[in-house]
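> I have a structure I would like to understand better, so I am pasting it below and will then ask my questions one at a time.
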Amino acid sequence: MYGMEKGEFKENDVEFVMIKRLASGELDIAICVTEGLVAGIAGNRDLRLFGTYVDSALPWAISVAADAKHSSIDDLAFGARFGISRAGSGSEVMAKYTASAFEWKTPPTMVVLGDVHGLVKGVQEGDADAFMWERTTMQRHYAANEVRYLGTVRPPWPAFSLGASAQFVRANGDRIRSLLAAMGRVERAFMDSAWADQRTQYVCSQLGYSPDDAQQWAAYVRFNESGSVDESKIQAVVDALVRAGVMDQLQVSEIVQLP
Numbered sequence: 228m229y230g231m232e233k234g235e236f237k238e239n240d241v242e243f244v245m246i247k248r249l250a251s252g253e254l255d256i257a258i259c260v261t262e263g264l265v266a267g268i269a270g271n272r273d274l275r276l277f278g279t280y281v282d283s284a285l286p287w288a289i290s291v292a293a294d295a296k297h298s299s300i301d302d303l304a305f306g307a308r309f310g311i312s313r314a315g316s317g318s319e320v321m322a323k324y325t326a327s328a329f330e331w332k333t334p335p336t337m338v339v340l341g342d343v344h345g346l347v348k349g350v351q352e353g354d355a356d357a358f359m360w361e362r363t364t365m366q367r368h369y370a371a372n373e374v375r376y377l378g379t380v381r382p383p384w385p386a387f388s389l390g391a392s393a394q395f396v397r398a399n400g401d402r403i404r405s406l407l408a409a410m411g412r413v414e415r416a417f418m419d420s421a422w423a424d425q426r427t428q429y430v431c432s433q434l435g436y437s438p439d440d441a442q443q444w445a446a447y448v449r450f451n452e453s454g455s456v457d458e459s460k461i462q463a464v465v466d467a468l469v470r471a472g473v474m475d476q477l478q479v480s481e482i483v484q485l486p
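Residues are numbered in this note's numbering as their position in the sequence shown, beginning at 1, plus a constant of 227.
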C-alpha cells in the first residue's frame with residue numbers, strides 16, 4: 228500500500244491478491260502466505276514461486292472461545308474443529324501443519340467460516356473449537372475479550388512469497404527484477420528507524436492496530452529487500468506439508484523459478 232501510494236510500482240503493471248485468482252490467470256503476480264503458495268503450486272503445476280517478500284516467520288496465533296475449556300495447544304489434539312477462511316487457505320494449511328508438528332493422534336476437521344470476523348463468531352457460537360490467524364491482528368480481539376489466546380505457532384520459513392505462472396516469469400524477467408528493486412526501495416524506506424513514528428501512524432491508520440501493536444509488529448517483521456529465495460527454506464515447507472498430508476512430494480526446482 229505504502230509503495231503504491233509513493234508511485235514506486237506504477238511502471239510494474241501487476242496486481243497483488245491471493246493465489247486463487249493467480250491460478251485462474253486473472254492476475255500476473257500474487258503475494259501469498261508462503262505455505263499457501265507452495266501448496267497451491269502443488270495443485271497447479273503451471274505456477275511458480277519467484278521471490279521472497281517477508282523473510283521473518285509469520286506468527287500464527289491459535290484462538291479459542293473466551294470460555295473454552297482448552298488451556299494449551301495440545302488440548303486440541305483429539306479431533307478439534309478448526310475454523311478456516313476458505314479451503315486451501317493458509318489457515319487450513321497451518322491447522323494441518325500444527326497437527327503434524329505436534330504429532331496429534333487425531334487430525335482436526337475443518338469448518339469454513341470466512342474472514343477473521345467470521346472465525347471469531349464461529350468459535351463464540353460453538354461452530355468451531357479454534358482457528359489460526361496472524362498474532363498481531365488478533366490482539367484487538369483478545370483485548371476486547373472476544374476470544375482467548377491459546378498459543379503461537381511459527382513455522383521455520385518466510386512468511387510471504389511472490390508467485391506467478393512459469394510462463395509469466397520466463398517472459399517478464401526484466402519487469403520482475405524492476406518490481407523487486409522497487410519493492411526493496413520501499414521496504415528500506417518504510418523500515419528505516421528515522422521513520423519509526425510515521426511508520427507506526429501509517430500501520431495504525433491502515434490496519435487498525437494500536438501504537439503498541441504496530442511497534443511489536445515492526446520489531447519482528449523482516450522484509451527481504453532483494454526478493455532472493457532460500458531454497459533450503461522452501462524445501463522445509465515442502466517436507467512439512469508432505470508430512471501433514473497437504474501435498475505430494477515435489478522437487479524445489481518444480482516450485483522455484485527465478486526471473
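Virtual Cβ for every residue (Gly too), placed ideally from N, Cα, C.
Grab me the residues of Gln-476's own chain with a C-beta within less than 8 angstroms of its C-beta, minus the 5 sequence neighbours each way, in chain order.
Val-465 and Val-469
> Which runs of the alpha helix (DSSP H) fall wholly inside the stretch 275 to 337 and span at least 4 residues, in chain order?
317 to 328
> Expressed to the nearest angstrom, what Euclidean distance is found between the alpha-carbon atoms of Gly-350 and Ser-437?
Per the sequence shown, the amino acid found at residue 350 is Val instead of Gly. Between Val-350 and Ser-437, the C-alpha separation is close to 24 angstroms.
> Output the residue ranges of the beta strand (DSSP E) runs that lie fully inside the stretch 333 to 419 and measure 3 residues or longer, sorted by chain position.
Those beta strand (DSSP E) runs which fall completely within the stretch 333 to 419 and span 3+ residues are 336 to 339, 357 to 361, 374 to 380 and 387 to 392.
> Would you call the CB atoms of Ala-322 and Met-359 closer than 7 angstroms?
yes
> Short check: CB of Val-281 to CB of Ala-441, under 7 angstroms?
no
> Leaving out five residues on either side along the sequence, give the residues of the same chain with a beta carbon under 8 angstroms from the beta carbon of Ala-314.
Met-337 and Val-339
> Quick test of the definition: if touching needs 3 or more C-beta pairs under 8 angstroms, does the stretch 368 to 382 touch the stretch 443 to 452?
no
> Could you check whether Ile-311 and Ile-300 sit closer than 7 angstroms to each other, using their CB atoms as the reference points?
Not a contact, by the Cβ cut-off of 7 angstroms.
> Taking a contact to mean a Cβ-Cβ separation below 7 angstroms, would you say Ala-257 touches Gly-400 in this structure?
no
> Compare the beta carbon distance of Ile-403 and Leu-276 with 7 angstroms and say whether it is the shorter of the two.
In this structure, Ile-403 keeps its C-beta atom at 7 angstroms or more from the C-beta atom of Leu-276.
> Helix or strand or just coil, what does DSSP make of Val-465?
helix
> Taking only three categories from DSSP, how would you classify Val-483?
Looking at Val-483 - three-state DSSP - the assignment turns out to be strand.
> Could you tell me the alpha carbon to alpha carbon distance between Lys-460 and Trp-384, rounded to whole angstroms?
5 angstroms
> Please name the residue in Glu-319, Ala-463, Ala-471 and Asp-457 whose C-alpha comes closest to that of Leu-485.
Asp-457
> Could you have a look at Ala-471 and say whether DSSP puts it in helix, strand or coil?
When DSSP states are grouped into helix, strand and coil, Ala-471 belongs to the coil group.
> Enumerate in chain order the residues of its own chain whose CB-to-CB distance from Phe-305 is below 8 angstroms, with the five nearest sequence positions on each side excluded.
Trp-331, Lys-332 and Thr-333
> Going by DSSP, what residues sit across from Ile-256 in a beta bridge?
Ala-391
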